[in-house]
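J.:
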Amino acid sequence: MAAKKRKDENEGQEERARRLAYIGTLATGLAHEMRSPLNAMKLNLELLKEDLAYVAPEKREAFARRVALIDREMEGLQNLLTEFLAFARPPKMQLLATDLNELIAQVLELLEPELKAKHIEVVSDFQKGLYPVGLDQHQFGRGVLLNLLKNAVEQIGEHGTITLRTREDDERVSVCVEDNGGGVVAGKEEEIFKPFESTKEHGTGLGLSIARRIVHEHGGDLTLDNHPGKGAIFTISLPKSKILEYNE
Ligand SMILES: Nc1ncnc2c1ncn2[C@@H]1O[C@H](COP(=O)(O)OP(=O)(O)OP(=O)(O)O)[C@@H](O)[C@H]1O
Ligand SMILES: [Mg+2]
Numbered sequence: 005m006a007a008k009k010r011k012d013e014n015e016g017q018e019e020r021a022r023r024l025a026y027i028g029t030l031a032t033g034l035a036h037e038m039r040s041p042l043n044a045m046k047l048n049l050e051l052l053k054e055d056l057a058y059v060a061p062e063k064r065e066a067f068a069r070r071v072a073l074i075d076r077e078m079e080g081l082q083n084l085l086t087e088f089l090a091f092a093r094p095p096k097m098q099l100l101a102t103d104l105n106e107l108i109a110q111v112l113e114l115l116e117p118e119l120k121a122k123h124i125e126v127v128s129d130f131q132k133g134l135y136p137v138g139l140d141q142h143q144f145g146r147g148v149l150l151n152l153l154k155n156a157v158e159q160i161g162e163h164g165t166i167t168l169r170t171r172e173d174d175e176r177v178s179v180c181v182e183d184n185g186g187g188v189v190a191g192k193e194e195e196i197f198k199p200f201e202s203t204k205e206h207g208t209g210l211g212l213s214i215a216r217r218i219v220h221e222h223g224g225d226l227t228l229d230n231h232p233g234k235g236a237i238f239t240i241s242l243p244k245s246k247i248l249e250y251n252e
């Protein structure tokens, strides 16, 4: 019974994610389609402006004002569409050979005031001279590392330890983000990677699904080693072979 309920819940979540993605595609398509009629309208409005001299003198001022208003509103709409399309289109990955130890240190700097205020200690256990991996530094830094670190901070609340470990072997480079905040609720280890799965009052539940998508786009894996009651270890693992391909 419980398994069936969980299955139904999973399907509900997946259906919601699918619908959202579908709406996203529709909205992007619609925005595209709206651009050309808008351009045509704007062009014709310019032509109307040129004909202003033919309007009866007593009506000219009011006419010009209305034309200017339409012009402004259309420009606003054009800007809105441009911004929407820029937002909707996932940015292309820009891979740069990256020292992961350094990228982690940069992301930690962003969190430093919060970590200090909450008395959270960070232990950096970095392997020296780490193989430089091909990463989109912005997406990986914000979308993966920051999301994992924020989750760890939120889970700990106050007074705790986050351990960051970097390692490499012949084939892979890995980063572990470990916290002692009690771990993920037992049985929810896979669910938490799905969109909209959140136990927080103001959480969107998108953090981990975004993080995993970005890691996958880099050819890697994001996994959880859960210790209920103690803490969680999230591990990012990136294959070197894939990375070499990217660096070519
Ligand atoms: N380090 C962690 N320890 C224990 N549970 C965690 C940890 N990280 C994530 N979780 C659980 O996984 C859920 C999903 O995490 P996710 O980052 O996807 O969303 P969120 O943190 O709830 O919301 P958002 O990231 O959008 O603010 C969390 O609500 C929490 O229950
Ligand atoms: Mg989160």
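Numbering (my numbering), first residue to last: 5 to 252. Heads up, the beta-carbon is just placed ideally off N, CA and C, and yes, glycines get one too.
1) Once you ignore the five residues that flank Thr227 on each side, which residues in its own chain have a CB closer than 8 Å to its CB?
2) Would you list, in sequence order, the uninterrupted alpha helix (DSSP H) runs of no fewer than 4 residues that lie entirely inside the stretch 128 to 187?
3) With a threshold of 16 other CB atoms inside 10 Å of the CB of Gly80, please say whether the residue is buried or exposed.
4) Mark Arg69 as exposed unless 16 or more other C-beta atoms lie within 10 angstroms of its C-beta, in which case mark it buried.
5) Which same chain residues end up closer than 8 Å to Leu89 when comparing Cβ atoms and leaving out the 5 residues on each side of it in sequence?
6) Does the stretch 214 to 230 come within contact of the stretch 182 to 199, defined as at least 3 CB pairs closer than 8 Å?
7) Less than 8 Å between the CB atoms is what I'm expecting for Gly138 and Gln159, so what's the real figure, rounded?
8) Give a single yes or no on whether Gly80 has its beta carbon closer than 6 Å to a heavy atom of ligand 2.
9) Does ligand 1 have a heavy atom nearer than 6 Å to the CB of Ile196?
10) Please go through the same chain and pick out, in chain order, the residues whose beta-carbon is closer than 7 Å to the beta-carbon of Thr167, but skip the five residues on each side of it.
11) Per DSSP, what kind of secondary structure is His231 in: helix, strand or coil?
12) Quick one: grab the DSSP three-state call for Pro199.
13) For a minimum of 3 consecutive residues, which ranges assigned as the beta strand (DSSP E) are wholly contained in the stretch 74 to 127?
14) Given a cut-off of 7 Å, decide if Leu134 and Leu104 are closer than it, judged by their beta-carbon atoms.
T.: Short version:
1) The answer, listed in chain order, is Phe238, Thr239 and Ser241.
2) Positions of the alpha helix (DSSP H) runs, each at least 4 residues long and wholly inside the stretch 128 to 187, are given as 151 to 160 in order along the chain.
3) So Gly80 ends up on the exposed side.
4) Flag for Arg69 reads exposed.
5) So the list reads Thr32, Ala35 and His36, once near-sequence residues are dropped.
6) Contact holds: three or more Cβ-Cβ distances are below 8 Å.
7) Wrong, their Cβ atoms sit about 30 Å apart, outside the cutoff.
8) For ligand 2, not one heavy atom lies less than 6 Å from the Cβ of Gly80.
9) Yes, the beta carbon of Ile196 sits closer than 6 Å to at least one heavy atom of ligand 1.
10) Excluding positions up to five away in sequence, the list reads Val127, Asp129 and Glu182.
11) Residue state, collapsed to three classes: strand.
12) Coil at Pro199, not helix or strand.
13) Listed in chain order, they are 99 to 102.
14) In this structure, Leu104 sits near Leu134, with a CB-CB distance shorter than 7 Å.
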